[in-house]
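In our numbering, the protein residues as written are 22 to 282.
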């Protein structure tokens, strides 16, 4: 797991089947430079579509007060609170704090993926910011994600063989989400520590959780819904396609994200 995928052929060979894999920066090079995480946090925390959860062992009233003050308290103070934050619609910031992201990241990445023979139904960036000790929920996504660590450090936890812990069929119907992962043998776990600039390919419908290892950490995931290479879907995503065949009224949920990050 220490050696990243470095060539398009290797990526095409390995993208379809877990476990997760590191991806070389050479395959995902971009000229875009992110603003500091503190500046991005200050911008996105005030947006109506932001989602955040105040964490920590403090009394519930402290967490409630911090939740109420999250958008307006001094940003340096907010950055000392335990929290996790996600924003699913970064296009709202393309004319401000993320100016140039569409032209320098999303268009080149989509163009490159297309040149490798990939198609998709959705390819969109998601933003994650968290503080030391914060953990995401234990969950799975219906989409593949290119996880890009921008600032700080996180550890991305999953399993070497996800089928032994959660079948694709169970993931499709949402049997995953919880605050903590279930009891498991640590030897079964795949934990990848990510520092600034590191990239990881997270497979669709595989259970995972993410822990923050630095005072402030920011990452972006390029999320791919309905990803397909020359007519062939990933192995676990076939369970999602089969479910939609049986429940066509639910196929619109392709764009549904885990709102309990």
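Where is the CB? At the ideal position from N, CA and C, for every residue including glycine.
### Query
Which residue comes first and which comes last in the alpha helix (DSSP H) that contains residue 261?
258-267
### Collapsed DSSP secondary structure at residue 196 in the structure displayed
coil
#### Entry: Check whether residue 170 and residue 240 have beta carbons under 8 Å apart
yes
### residue 149 - partner residues in DSSP beta bridges
107, 240
### Message
Once DSSP output is grouped into helix, strand and coil, what is the label at residue 169?
### Response
strand
### Query
Would residue 167 pass as a contact of residue 242 if the rule is Cβ separation under 8 Å?
yes
### Query
Where does residue 61 sit, in a helix, a strand or coil, going by DSSP?
helix
### Query
According to DSSP, which residues form a beta bridge with residue 175?
215, 233
### Task
Look at the alpha carbon of residue 150 and the alpha carbon of residue 58, and state the distance between them as a whole number of angstroms.
8 Å
### Query
In chain order, what residues of the same chain have a beta carbon less than 7 Å from the beta carbon of residue 225, not counting five sequence neighbours either side?
162, 163, 164, 165, 255, 257, 258
### Query
If you count every other CB in all the chains shown that lies within 10 Å of the CB of residue 182, and 16 or more means buried, which is it?
exposed
### Task
State the CB to CB distance for the pair residue 115 and residue 122, rounded to an integer number of angstroms; the pair is presumed to be in contact (CB under 8 Å).
6 Å
### Query
Is residue 88 helix, strand or coil by DSSP?
helix
### Message
I'd like to know whether the C-beta atoms of residue 101 and residue 156 end up nearer to each other than 8 Å.
### Response
no
### Query
Is DSSP giving residue 254 helix, strand or coil here?
strand
### Message
Assuming residue 130 is part of the alpha helix (DSSP H), what are its boundary residues?
### Response
128-136
### Query
Are residue 69 and residue 96 closer than 8 Å when you measure CB to CB?
no
### Query
Distance, Cα to Cα, residue 269 vs residue 263?
10 Å
### Between the CA atoms of residue 27 and residue 47 - distance to the nearest angstrom
7 Å
### Message
Taking the beta carbon of residue 81 as the centre, do at least 16 other beta carbons fall within 10 Å, making it buried, or is it exposed?
### Response
exposed
### Message
Taking its Cβ as the centre, do 16 or more other Cβ atoms sit within 10 Å of residue 132, making it buried, or is it exposed?
### Response
exposed
#### Entry: CB contact flag (residue 210, residue 178, <8 Å)
yes
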